[in-house]
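Notes for the one structure printed next.
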Ligand code: G3I
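Residue numbers (the UniProt record's numbering): 32 to 354.
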């Protein structure tokens, strides 16, 4: 597989991978990452679950470690994520009775985290996963409960004030699986743009399974690119286990998985260069995948490009050839 390495040399846009402190401290992993990728997204240490303490204080030791290592390797870093329905912290829960205090704390959190990484990141996922899975509306969450739908506008405006040069990203998932969700996502984007809310990049996570219909990725990227904003394919993996639930036979999965990785490569590289914000894999080796970490002992999944020995798998070679 020597002729297909390093991966980043095959593309003209940033090729990223998610990373966590434990991996950054693992020499084999760190050298593979430095060889193949030129951008890192902290998998969880730049989120509220790590940074924000119950008393409202902030800790940055782990994400600073990731940023320092990336700088040593000449890699850029993406901030992920400031405001997410899934993590609102005890601190904010305690404040929700008083809207003014809540909003002040909300803006302060965004400003303090953005300021801490000012000039050190290529962009921030300011709001993550704002749309309901069925595409019927914005998702219910603490932020919307207290601040209303304006929680999104407030977040992007606060982020822009903190670091005007930082590209601001709106990130979501299943935009390729559910056209209704993609439609509602694009309606949110249209509203933000109409209101002059600072937004530069659309992130489509692309956690897909081997049963995703052919062409869905291509159609999704085309719809997102029609906004004129840059596109970040932000959390790519192609699960075999998820497809197993839909009773496709395993041999077919591998063919389907390869075809999907090829479609992603072709569809993304077909975007106008000016809109190619980058492509990020959600993990390096199969063992690193969140799918395998969260289901210890369940059916192992093989969603990524590298095997557990750090070798590029056949599906990885097919992906590279299609880039
Ligand atoms: O490793 C620590 C351990 O030291 C600590 O004792 C333990 C208790 O807090 O936490 C462990 O960290 C866990 C981390 O994954 C590493 O395994 C965190 O609890 C856990 O919350 C974290 O889960 C991450 C999850 O987002 C929530 O932040 C996953 O790694 C990460 O893959 C997943 O990524 C999300 C994206 O942010 C958004 N899109 C969906 C994607 C998959 O769910």
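Think of the CB as a built atom: it goes at the ideal place given N, C-alpha and C, for glycine as much as any other residue.
Check: Euclidean distance between Cα positions of residue 353 and residue 335; Outcome: 16 Å
Check: Identified DSSP bridge partners for residue 47; Outcome: 70 and 311
Check: N-terminal and C-terminal residue of the beta strand (DSSP E) that residue 110 is part of; Outcome: 107-115
Check: Assigned exposure category for residue 202 - 16 Cβ within 10 Å defines buried; Outcome: buried
Check: CA nearest to the CA of residue 229, picked from 120, 235 and 220; Outcome: 220
Check: Burial state of residue 52 (16 or more Cβ within 10 Å); Outcome: buried
Check: Extent of the continuous beta strand (DSSP E) to which residue 240 belongs; Outcome: 238-240
Check: First through last residue of the alpha helix (DSSP H) which encompasses residue 173; Outcome: 173-178
Check: N- and C-terminal bounds of the beta strand (DSSP E) containing residue 167; Outcome: From DSSP, residue 167 is part of no beta strand (DSSP E); its letter is neither H nor E.
Check: Residue 150 burial status per 10 Å Cβ neighbour count (16 or more: buried); Outcome: exposed
Check: The stretch 36-43 contacting the stretch 77-84, beta-carbon criterion three pairs below 8 Å; Outcome: no
Check: Whether residue 320 touches residue 72 by CB criterion (9 Å); Outcome: no
Check: Cβ shell of residue 33 (< 8 Å), same chain only, five flanking positions each side left out; Outcome: Residue placement at residue 33 is poorly supported in this model, since its pLDDT is 49, which falls under 50; the coordinates still yield a value, given next. There are no such residues.
Check: Beta-carbon gap between residue 271 and residue 241 smaller than 9 Å; Outcome: yes
Check: Cβ-heavy atom distance, residue 117 to ligand 1, below 8 Å; Outcome: yes
Check: Alpha-carbon spacing of residue 79 relative to residue 246, whole angstroms; Outcome: 35 Å
Check: Under the three-state DSSP convention, the category residue 337 falls into; Outcome: strand
Check: Same chain, Cβ closer than 6 Å to residue 140, neighbours up to 5 away in sequence not counted; Outcome: none
Check: Burial state of residue 304 (16 or more Cβ within 10 Å); Outcome: exposed
Check: Paired residues, beta bridge with residue 316 - DSSP; Outcome: 337
Check: Check whether residue 194 and residue 309 have beta carbons under 9 Å apart; Outcome: no
Check: C-beta atoms of residue 355 and residue 48 nearer than 9 Å; Outcome: Since the displayed the chain opens at 32 and closes at 354, residue 355 lies outside it and no answer follows.
Check: Nearest neighbour of residue 167, chosen from 132, 210, 135 and 137 [CA to CA]; Outcome: 210
Check: Helix, strand or coil at residue 159 [DSSP, three-state]; Outcome: strand
Check: Option nearest residue 244 by Cα separation, candidates 91, 233, 224 and 269; Outcome: 269
Check: Per-residue DSSP class, three states only, for residue 104; Outcome: coil
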